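In my numbering, the protein residues as written are 6 to 214. Backbone N, C-alpha and C define an ideal beta-carbon position, used for all residues, glycine too. Remember, it's a predicted structure, so these values are computed and weren't measured experimentally.
If you want it as structure tokens, here you go:
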């Protein structure tokens with residue numbers, strides 16, 4: 006049975022960290038929609054996300070980090086001209102695709118040589134990442150192909166009792182998932198429009214496609 010607990014409760018956050026350490030999946034609030042999070046470096050945990058969401062096996066899962074200095078944990082190369090962009094829009098609803106480190110399991114990247122990564126602008130998401138001590142694989146908390154619920158109760162109802170915990174922080178601040186751009190190619194390319202406008206991104210990357 007799914008527990009729904011207040012997101013800012015110390016007891017709830019302690020339980021979330023324990024579940025993550027045990028290879029479980031936790032639903033957490035983010036600065037966009039509710040997400041499903043698991044240890045990005047544990048294959049079994051990442052597979053749990055795919056099972057809960059009934060996610061197609063060819064769709065990679067983005068990774069949350071705590072700060073820009075943690076990029077080297079998941080990405081092996083960041084283009085020099087990307088740093089001003091990241092410093093401007095992180096934390097925030099911008100996901101960037103970069104070449105991945107070899108240690109990141111293929112279960113996260115579905116065999117691709119790249120990883121999608123961002124820093125969320127939400128205190129609970131950030132606290133979980135920093136207290137857990139490792140990057141989290143995080144994707145929207147919904148069944149694949151269905152709308153993402155805007156409340157913790159909706160997440161629990163849609164995903165069912167196999168989800169052990171939802172951290173409840175009220176309605177989602179946005180119905181839009183993050184903007185995604187691919188920085189592993191030249192010129193860079195928008196993969197998914199989102200809350201950050203193309204015009205704002207082009208002020209840092211004029212050749213953005």
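Rounded to whole angstroms, residue 199 and residue 100 show a C-alpha spacing of 10 Å. Leaving aside the five residues that flank residue 87 on each side, the residues in its chain whose CB is nearer than 6 Å to its CB run, in chain order, 188. Within the DSSP secondary-structure output, residue 105 pairs in a beta bridge with 80. Per DSSP, the unbroken alpha helix (DSSP H) holding residue 111 starts and ends at 111-114. In the DSSP annotation of this structure, the continuous segment of the alpha helix (DSSP H) that includes residue 134 starts and ends at 128-137. In this structure, DSSP gives residue 26 a helical state, which the three-state scheme calls helix.
By a beta-carbon distance limit of 8 Å, residue 32 contacts residue 168. Their separation comes to about 6 Å. Between residue 42 and residue 143 the beta-carbon gap is near 5 Å, inside 8 Å, which marks them as a contact. Comparing alpha carbon positions, the residue from 62, 11 and 95 closest to residue 75 is 95. Just measuring C-alpha positions, the residue of 174, 39, 116 and 128 sitting nearest residue 63 is 116.
In this structure, the beta-carbon distance from residue 140 to residue 78 falls below 8 Å. DSSP, reduced to helix, strand and coil, places residue 48 within a helical segment of the structure shown.
If you look at residue 163, you'll find it isn't in any beta strand (DSSP E); it sits in the alpha helix (DSSP H) that goes 157-164. Rounded to whole angstroms, the Cβ separation of residue 121 and residue 65 is 6 Å, and the two are in contact under 8 Å. Looking only at 39, 17, 26 and 15, the smallest Cα-Cα distance to residue 157 is reached by 39. When DSSP states are grouped into helix, strand and coil, residue 94 belongs to the helix group.
In chain order, 79, 80, 81, 114, 118, 119 and 120 place their CB closer than 7 Å to the CB of residue 105, counting only its own chain and leaving out the 5 sequence neighbours on each side.
One thing to note: residue 173 has its Cβ no nearer than 8 Å to the Cβ of residue 192. Residue 69 is positioned such that its CB atom lies closer than 8 Å to that of residue 123. DSSP places residue 11 within a strand segment (E or B) once states are collapsed to three.
Residue 204 is classed as exposed because its beta carbon has fewer than 16 other beta carbons within 10 Å across all chains shown. For residue 206, there is no enclosing beta strand (DSSP E); the residue is part of the alpha helix (DSSP H) that begins and ends at 203-207.
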